[in-house]
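Each remark here refers to the structure printed beneath this line.
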Amino acid sequence: MNQDSTRKARVNVRRAEVMEQVEKEIQQHYQSELISHIRSAGNVYNLGHTEFFLAREFGFCNGVRRAIDIAYAARRVFPDRRIFLIGDIIHNPEVNRQLEEMGIRKLPWKQLDSSYDRVAPDDVVIIPAFGVPTPFMDALEEKGVQIVDTTCGDVMKVWKRVKNYAAMGITSIIHGKATHEETSATASRALGERGRGKYLVVYDLEDARILCDYIMGRGDREAFLKRFEGCCSPGFDPDRDLEEVGIANQTTMLKTETQTLQKMVKDAIVQRDGDDDNFYVFDTICGATQDRQDALYELLKNPLDVMFVVGGYNSSNTTHLVDIAREHVPTYFIESAECIKSIQYVDAFDTKTREVRRMTTEPVVQNLGKSLKVGITAGASCPANLIEATILRIADLRK
Ligand code: SF4
């Protein structure tokens, strides 16, 4: 069937009369008076002999807030329609739980499997803030469902960049995690209008080293293809497709790592070609990620005893905040205040092993009865009420 004949026009769900109600619901679900108070008081807060230092920027970014607004508004604009959401709206379990409670049902984002068969033209489908790969959009348009798109504008900027690379015959080197929703969506755009574009997803500096070695003629073809299996465009040929490369990033990567990677690839091209004519770069880390990382570096100038980072364990930007903080101070990555089991133990996420482990809160225990300086930050998808609960839990246990 012709997609144009089935495609439904997009509807603006953020109408003034709807948003008034949505704002009230969002305040009720996620806001915190305490956090607003701390922000206006210079981000420092004393409770008993515990001193809390909050980062200058933390918690919900504009893109996340917009996505949540749109999802809540869709529920009000289509009260009698079935509403589906592809994957998570953002990476925070509490927000996703609230949406489920509102009757918004989940569809898998990893593949267009048979669960999509139950979606009918009368249904509404919400696209999450990270976007979805183009085959999902095509399939939904073809079904004629009402699409409500919450894709963040910063993610779309990356798509524009990789589409341009594809149009110019340049291979996109995407600094990101191949299995992350956003990178998967970006990779599909890197194939370009005709599906012939090339891309390679590079996750870390070890991947970058292997890529650079290959560019400089020192790589092993089989080992290269094995290493990047599932992380490159179909039929990717490193001997043919690394001639002209352009870098783009998942919006939530660690800025310093991205800069290092960019330099490594540029140096490799210069070493191979004698100049950087075949190298293109466009920093696509979003402002919110950057601001939260900068604010954390600033926060870490304080003489903190311990740091708590609050956010979803699958949140990329939160994970990078944890990686920055733990270089400076003992750091615990928690999803909510409930992870703080007692004054001695925290069930925290280990970003290296990617599992929750029970850890002893040594800096807290060592300072029992004495003053304690606690740093707090949270990822771009973390609601303020979860940060408040964390502060109150720590203060309560230290009474
Ligand atoms: S973290 Fe950045 S890319 Fe993600 S929703 Fe927020 S502003 Fe958009």
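First residue of the sequence shown? That's 0 in numbering that gives the first Met the number 0, and the numbers climb one at a time after it.
We treat Cβ as the ideally placed atom computed from N, Cα and C, and that holds for glycine.
On a predicted model such as this, the values are computed, not experimentally measured, just so you know.
Starting from residue i, follow its DSSP beta bridges and name the residues at the other end.
| i | result |
| --- | --- |
| residue 85 | 106 |
| residue 231 | 199 |
| residue 284 | Answer is none; residue 284 lacks a bridge partner. |
| residue 208 | Paired residue(s): none; residue 208 is not in a bridge. |
| residue 372 | 50 |
| residue 174 | 201 and 248 |
| residue 215 | Answer by DSSP bridge pairing: none, since residue 215 is not bridged. |
| residue 312 | DSSP lists no partner for residue 312. |
Between residue i and the rest of its own chain, which residues show a CB-CB distance below 7 Å, the 5 nearest in sequence each way excluded?
| i | result |
| --- | --- |
| residue 21 | 68, 71, 72 and 75 |
Excluding the five sequence neighbours on either side, which residues of its own chain have a C-beta within less than 8 Å of the C-beta of residue i, listed in chain order?
| i | result |
| --- | --- |
| residue 364 | 342 and 343 |
| residue 152 | 62 |
Residue i: buried (16+ other C-beta within 10 angstroms of its C-beta) or exposed?
| i | result |
| --- | --- |
| residue 87 | buried |
| residue 26 | exposed |
| residue 43 | exposed |
| residue 167 | exposed |
| residue 234 | exposed |
| residue 300 | exposed |
| residue 95 | buried |
Out of the options, which has the shortest C-alpha to C-alpha gap to residue i?
| i | options | result |
| --- | --- | --- |
| residue 158 | 53, 372, 313 and 249 | 249 |
| residue 205 | 59, 264 and 327 | 264 |
| residue 316 | 253, 210 and 236 | 253 |
| residue 366 | 31, 12 and 48 | 48 |
| residue 318 | 98, 274, 346 and 376 | 376 |
| residue 201 | 195, 194, 211 and 193 | 211 |
| residue 247 | 137, 14, 100 and 185 | 185 |
| residue 134 | 110, 156 and 7 | 110 |
| residue 198 | 232, 393, 260 and 96 | 232 |
| residue 15 | 380, 23 and 8 | 23 |
Please determine whether the Cβ atom of residue i lies at a distance below 8 Å from any heavy atom of the ligand ZN.
| i | result |
| --- | --- |
| residue 154 | Absence of the ligand ZN from the depicted structure is noted, with the ligand SF4 being the only ligands included. |
Within its chain, find whatever has a CB closer than 6 Å to the CB of residue i; leave out the 5 residues flanking it on each side and keep chain order.
| i | result |
| --- | --- |
| residue 400 | Within the shown structure, residues of the chain are numbered from 0 to 398, placing residue 400 beyond reach of any answer. |
| residue 148 | 126 |
| residue 355 | 346 and 348 |
| residue 329 | 305 and 362 |
| residue 132 | 183, 184 and 187 |
Does chain D have any CB closer than 9 Å to the CB of residue i?
| i | result |
| --- | --- |
| residue 199 | The structure shown has no chain D; it contains just one protein chain. |
Between the stretch 288 to 305 and the stretch 265 to 280, can you find at least three pairs of beta-carbon atoms closer than 8 Å? no
Taking three-plus beta-carbon pairs below 8 Å as touching, is the stretch 280 to 299 in contact with the stretch 340 to 359? no
Below 8 Å, how does it come out for the stretch 189 to 209 and the stretch 170 to 178: are there three or more Cβ pairs, yes or no? yes
Is it the case that the stretch 205 to 219 contacts the stretch 133 to 144, given that we only count it when at least three CB pairs across the two stretches are under 8 Å? no
Determine contact between the stretch 51 to 66 and the stretch 111 to 118, defined as no fewer than three beta-carbon pairs at a distance below 8 Å. no
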